[in-house]
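All remarks here apply to the structure that follows.
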Amino acid sequence: MKPVYQLTRSSMIWLVGSIVLVLIPFLPVLPLWLIVLAIVSLGWRLLVHIGRMNFPHWSVRLGLLLGVLIALLWELRSGATMSILVALLVASFLLKLTEMYQRRDALVVLYVAFLLCACSFLFYQNILMAFYGLLCLIVITACLNTVYRSQQNSDLWRPLRRSVVLYLQAIPVMLVLFLIFPRIDPLWQVDLDTGKAYTGLSDSMAPGDVSKLTRSAEIAFRVSFDGEVPPANLRYWRGLTMDQFDGHRWTRSESSVNAGPVIVHLSLPDTPPDTDYQYQIIMEPSGQRWRYALDRPISYPASMMMLPDFTLQSPEQLQQRIQYSVLSRTGKSRVDMSRTVKSRAGKPRAGKSGIGKSGSGSVKAQLSRSQRQRYLQLPVNGNDKARQLAQRWLVEQGNTPAFVKQMMQSFASDFSYTLQPPRLTGDRIDQFLFQTRQGFCGHFASASVFLLRSAGIPARIVGGYQGGELNPVDGSLTVRQYEAHAWLEYWFNGDWQRLDPTSVVAPSRLDQAADQLFSSQEGFLADAALMRSGILSRGWLKQIRQQYDSVNYSWHRWVLNYHQQQNGFLQRLLGEVTALKLIIFLLMPAAIMLTVVALNLLYRRRSRPDPLTRALNTLNRQLQGRNLQRRRGETVGSFCQRLSGQFPQLSTELKQLAGCYEKICYEGDESSALEKDFIAKVNYCCRQIRHQ
Amino acid sequence: MIGLFQQKLKRAFFRWSLRRSPRQRELILSQKRIYIMPSRAGFTFLVMLLVMLVLGINFQNNLIFAVTFLLGSLFVVAILHTYANLSGMRIQFVRGHPCFAGEQAGFDLCFSSKQQRDYESIQLRWQHGTSSSFDLAANQTRELRLYQPTQQRGIHKAEALLIETFYPLGLFRAWTWMEADLSTLVYPRPIEGGQLPGSSVSHSGKQASEQAGGEDFSGLEQFQTGMSLKRVAWKQYARGQGLHVKHYVELTDNQCWLCWEFWPELDVEARLSRLTWWVLQLDRKGQPYGLRMPGIEIEPQRGETHRLNVLEALACFEQQGGL
Chain A
1 MKPVYQLTRS
11 SMIWLVGSIV
21 LVLIPFLPVL
31 PLWLIVLAIV
41 SLGWRLLVHI
51 GRMNFPHWSV
61 RLGLLLGVLI
71 ALLWELRSGA
81 TMSILVALLV
91 ASFLLKLTEM
101 YQRRDALVVL
111 YVAFLLCACS
121 FLFYQNILMA
131 FYGLLCLIVI
141 TACLNTVYRS
151 QQNSDLWRPL
161 RRSVVLYLQA
171 IPVMLVLFLI
181 FPRIDPLWQV
191 DLDTGKAYTG
201 LSDSMAPGDV
211 SKLTRSAEIA
221 FRVSFDGEVP
231 PANLRYWRGL
241 TMDQFDGHRW
251 TRSESSVNAG
261 PVIVHLSLPD
271 TPPDTDYQYQ
281 IIMEPSGQRW
291 RYALDRPISY
301 PASMMMLPDF
311 TLQSPEQLQQ
321 RIQYSVLSRT
331 GKSRVDMSRT
341 VKSRAGKPRA
351 GKSGIGKSGS
361 GSVKAQLSRS
371 QRQRYLQLPV
381 NGNDKARQLA
391 QRWLVEQGNT
401 PAFVKQMMQS
411 FASDFSYTLQ
421 PPRLTGDRID
431 QFLFQTRQGF
441 CGHFASASVF
451 LLRSAGIPAR
461 IVGGYQGGEL
471 NPVDGSLTVR
481 QYEAHAWLEY
491 WFNGDWQRLD
501 PTSVVAPSRL
511 DQAADQLFSS
521 QEGFLADAAL
531 MRSGILSRGW
541 LKQIRQQYDS
551 VNYSWHRWVL
561 NYHQQQNGFL
571 QRLLGEVTAL
581 KLIIFLLMPA
591 AIMLTVVALN
601 LLYRRRSRPD
611 PLTRALNTLN
621 RQLQGRNLQR
631 RRGETVGSFC
641 QRLSGQFPQL
651 STELKQLAGC
661 YEKICYEGDE
671 SSALEKDFIA
681 KVNYCCRQIR
691 HQ
Chain B
1 MIGLFQQKLK
11 RAFFRWSLRR
21 SPRQRELILS
31 QKRIYIMPSR
41 AGFTFLVMLL
51 VMLVLGINFQ
61 NNLIFAVTFL
71 LGSLFVVAIL
81 HTYANLSGMR
91 IQFVRGHPCF
101 AGEQAGFDLC
111 FSSKQQRDYE
121 SIQLRWQHGT
131 SSSFDLAANQ
141 TRELRLYQPT
151 QQRGIHKAEA
161 LLIETFYPLG
171 LFRAWTWMEA
181 DLSTLVYPRP
191 IEGGQLPGSS
201 VSHSGKQASE
211 QAGGEDFSGL
221 EQFQTGMSLK
231 RVAWKQYARG
241 QGLHVKHYVE
251 LTDNQCWLCW
261 EFWPELDVEA
271 RLSRLTWWVL
281 QLDRKGQPYG
291 LRMPGIEIEP
301 QRGETHRLNV
311 LEALACFEQQ
321 GGL
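Protein chains in written order, with full-length UniProt numbering: chain A, 1 to 692; chain B, 1 to 323.
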């Protein structure tokens, strides 16, 4: 029989506490059977601890182990590797829990708990979670402390206090490490597949898709502007354009996605500088390759490339929050399309170097033949009534602006906006235009592009977000999923013109925040009850929410995305960053901090002796010069007697003094008057001796 | 191979650390003699931190970085705490308790803390003993008796003492080896056997008279400190009549001498063992006895002091030095 390591009571309590705390964040991720296993093994361990049950027989443990392994292999089908990894860790430490014989076994459990605590940040990264994580660490450390305490010492709260002290001392060193430690690129490519489905725009749109987003109040991205914030009607965040229509669904054509990057030439004269906006975007994971930017980005990070439709694209799907900064030019400034250069072979060019100057702005851009074809593509047949309508309008109006005007007027007068449109079947465009006449942005954009293309005007759908909630606290803009939007662009006068039919159907969609506009609609924010109730958008609660959002923004920018800020931050702090400077900067504060801790720990003031001893010590110091000090082992009585031999004039005082001392120390008379009397007498003797 | 190397290294370090400090009666632990290294658990912890760091790097997750650095800093801070858990402790080697060969010799050690700081979970171990642990609160003094096995009779010097601690997190082991300036007597192992030659018992020409310490019970007398516990009248004590000792009288002259020449067939150690056994026997009976050995003669007497004298003579027979 192996020796059973008996955890102390406090150890057990802290162990259960840390396991429960660590497991809570994983509840949504873990399969149900693991949660059951957790409860069973914790319960079993507790019963073992109080002596109601034995440790499980080896056959039971073997059975459990095999069962868990098979179940984990079974889980592998789902392909969510991260949650499997976590499940493996959880299972291992639960199984270890049922066979704790030695201190080493308890350590295994606790170290895995540390790892799990770190892993929970793969799933959640908000501020609250960070504090929760710290709490977990403190509790696990307290438990680690109890494991190393002697068995007879089982004070419950002392380990927690000890652990908090340890962390308080460790945090300053940690901050320095966090700031300085160089962020290396991933050692190998990892697939952060947490098994989480992303909400957000998809790369195809059949009217009906966007409404799913209005059910969600999740954040799509946050923006902070370096200068002024563009007005609400310019906040069109472009994500992707869709040019292929099959009568039901809009998609991106292969050629538009793989066209390769463009080099943009800006036409010089008509670009007033005040329409430039410089901003940073922190984009939440979307699982997609496109990145959002205001219309029209002219400077963007080197890691991205610009497609011919002026959307930004990155080589990788976005699995983690990123931060990038973009310079956009809105309004009338236009980009010279005719000079776009396709470089299939070349690597993506940095946006910054992509800003060129074209010789003249007077030459009107032309669409190439293939581009024209692409942006006029329609299904061969279907939706005949819509095609006829477009032809009629073209004949009536004659030119493109008049056609567009006619179309918008028609939308404004006869159509209404709803988040819960009737179902469309068959010739969807016809049905929408002539029967239901209700819909949301996707319906309007889709019908408009169909009409425009039918009339021979090149057009495309643009998917992205419109609006964003401005936080007055820090001037940042939060764009949520329910602000997803679809609009269109048509080719006119040598450039793509933005057209948003929704703006005429529901003008308030642009001016008002989406949550106010939609709040009466049933489907809006169906998944976010708190947001929908509107409680959070009123009065002081709104202020609190905005404060929180602002803090959250800084959190995202400075903590969660620190690896993207580090270079700039260190440069501002240190000037040119050299290895030497870094080391000094790292070592100095750490050394100072550790010195403080060490001094605090090691040079605790010696405990003060009691007042009687202190008084006697002063007397002793007086006598040291004459070599008359109290000898080792000499009682106060004999000491006083010896002194009265030396100082006969003090003999009565000394005698009283000795009596006093004996009374206090040996007769248990601890009245303060007696103590004062004693001290006064000693002082008197001191003075007398000094004057002699 | 590595294990062997490790063993060698350990032994070399052990010898080196003992050479650095002379045997002492009292000492205060300071950086001069406290060694500190990550424990095995500490190295495992570092490996775990490495795993975490790789997680953080690969997922570009700054919160995981933060956890890694926090635990890393904790590791560093733990150095100080573990060191502080030994530093400043005063150790006094008080006394050793004699025992018979093969038994455990006890040594009294006194630990005290002059500082406002608790010492927790300090582990003590003789070089070849098992470990025991204790806590020491601030301004407290604590006396412990530690045992170590003995093999041979004679003067037994205390082995090297290991004081170590893993507190507070087990990540580090702070330890020190010290050799106490402490020794004790180990009496020969008592082995039963042989007979006392009856004729050679009597050496005094006194008349048989009533002599205390004999075999016949004559009454009770008040217990006084120093009296043999073997004669305590427990029955009377249990009845609540106070602590008494049984008083025996000896009606015959019963003095005896234990002589070296009694058992010529035995070698030195065996003879000493048998003599020891007889000393204990006679002492139990309360019979006066004397010891006669080459170079040693102790007059017949009774009592605790006498017994200790005799045993010491036996223990130190033909050995250099003394206590």
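Backbone N, C-alpha and C fix where the C-beta goes; we use that ideal spot for every residue, glycine too. As the structure is a prediction and not an experimental result, all values here were calculated from the model.
{"Check": "Do we get a CB-CB distance below 8 Å when we pair Y167(B) with the residues of chain A?", "Outcome": "yes"}
{"Check": "State the DSSP-derived secondary structure class of D246(A), mapped to helix, strand or coil.", "Outcome": "coil"}
{"Check": "In chain B, which residues lie less than 8 Å from Q320(A) when you measure between Cβ atoms?", "Outcome": "F59, Q60 and N61"}
{"Check": "Would you check whether the ligand FMN has a heavy atom nearer than 7 Å to the C-beta of L389(A)?", "Outcome": "This structure does not include the ligand FMN; it has no bound ligands of any sort."}
{"Check": "May I ask you to report which of helix, strand or coil DSSP gives G439(A)?", "Outcome": "strand"}
{"Check": "What are the uninterrupted segments assigned as alpha helix (DSSP H) that are 4 or more residues long and contained completely in the segment 13-60 of chain B, given in chain order?", "Outcome": "40-59"}
{"Check": "What residue range is occupied by the uninterrupted beta strand (DSSP E) comprising T176(B)?", "Outcome": "F172 to E179"}
{"Check": "Go to P297(A), then tell me how far its beta strand (DSSP E) extends in each direction, as first and last residue.", "Outcome": "P297 to S299"}
{"Check": "Who are the Cβ neighbours of N54(A) in its own chain at under 8 Å, not counting the five residues just before and after it?", "Outcome": "V48"}
{"Check": "Taking the straight line between their C-alpha atoms, what separation do you get for V473(A) and V29(A)?", "Outcome": "35 Å"}
{"Check": "At 4 residues or longer, and completely inside the segment 60-136 of chain B: list those alpha helix (DSSP H) runs for me, N to C.", "Outcome": "62-84"}
{"Check": "Using the rule of at least 16 other Cβ atoms within 10 Å of the residue's Cβ for burial, across every protein chain shown, is N561(A) buried or exposed?", "Outcome": "buried"}
{"Check": "Would you report the Cα separation of T194(A) and G475(A), rounded to the nearest angstrom?", "Outcome": "Residue placement at T194(A) cannot be trusted, given a pLDDT of 49 that sits under 50; what the coordinates show is reported in the next sentence. Near 32 Å, if we compare the C-alpha coordinates of G475(A) and T194(A)."}
{"Check": "Measuring alpha carbon to alpha carbon, tell me which residue in Q466(A), A506(A) and G133(A) is nearest G439(A).", "Outcome": "A506(A)"}
{"Check": "Would you be able to state if there are at least three C-beta pairs under 8 Å between the segment 32-41 of chain B and the segment 301-308 of chain A?", "Outcome": "no"}
{"Check": "Measuring only between beta-carbons, confirm whether Q323(A) sits less than 8 Å from chain B.", "Outcome": "no"}
{"Check": "So the candidates are A217(A), Y277(A), G247(A) and R235(A); which of them puts its Cα closest to the Cα of F225(A)?", "Outcome": "Y277(A)"}
{"Check": "If distances are taken between C-alpha atoms only, which option among A386(A), F450(A) and G287(A) comes closest to L376(A)?", "Outcome": "F450(A)"}
{"Check": "Around the C-beta of Q115(B), are 16 or more other C-beta atoms found within 10 angstroms, so that it is buried, or is it exposed?", "Outcome": "buried"}
{"Check": "Could you tell me if F13(B) is buried or exposed, where buried requires 16 or more neighbouring beta carbons within 10 angstroms of its beta carbon?", "Outcome": "exposed"}
{"Check": "Alpha carbons only, please: which of G494(A), G426(A), T436(A) and L160(A) is nearest the one belonging to P458(A)?", "Outcome": "G494(A)"}
{"Check": "What are the start and end residues of each continuous alpha helix (DSSP H) run of 4 or more residues lying completely inside the segment 558-646 of chain A, in chain order?", "Outcome": "562-574, 579-602, 611-624 and 636-646"}
{"Check": "Just checking: is the beta-carbon of G195(A) within a distance shorter than 8 Å of some beta-carbon in chain B?", "Outcome": "With a pLDDT of only 48 at G195(A), under 50, the local geometry of the prediction cannot be trusted, and the value read off the model is given with reservation. So no, G195(A) is outside the interface."}
{"Check": "Between T44(B) and chain A, is any beta-carbon pair separated by less than 8 Å?", "Outcome": "yes"}
{"Check": "Quick one: measure Cβ to Cβ for D155(A) and S10(A), integer angstroms, because I've assumed they're closer than 8 Å.", "Outcome": "7 Å"}
{"Check": "Under the rule that 16 or more other beta-carbon atoms within 10 Å means buried, what is N399(A), buried or exposed?", "Outcome": "exposed"}
{"Check": "Taking Cβ positions only, does Y666(A) come closer than 8 Å to chain B?", "Outcome": "no"}
{"Check": "Among R162(A), L89(A), Y132(A) and T436(A), which has the Cα closest to the Cα of T146(A)?", "Outcome": "R162(A)"}
{"Check": "Nearest CA to the CA of H81(B): which residue from D108(B), L258(B), R117(B) and K8(B)?", "Outcome": "R117(B)"}
{"Check": "Flag N145(A) as yes if its beta-carbon sits less than 8 Å from any beta-carbon of chain B, otherwise no.", "Outcome": "yes"}
{"Check": "Going by C-alpha distance, which of L657(A), N620(A), Y101(A) and R252(A) is nearest D309(A)?", "Outcome": "R252(A)"}
{"Check": "Distance check for P401(A) and W503(A), CA to CA, integer angstroms please.", "Outcome": "For the sequence presented, residue 503(A) should be read as Ser rather than Trp. Computed Cα separation, rounded: 17 Å."}
{"Check": "Taking 6 Å as the limit between beta carbons, can you name the residues of its chain near V232(B), skipping five residues before and five after?", "Outcome": "V245"}
{"Check": "Taking 8 Å as the CB-CB limit, is S150(A) close to chain B?", "Outcome": "yes"}
{"Check": "Consult DSSP for L146(B) and reduce its assignment to one of helix, strand or coil.", "Outcome": "strand"}
{"Check": "Give the residues of chain B in contact with T141(A), contact being defined as C-beta atoms less than 8 Å apart.", "Outcome": "L74 and L169"}
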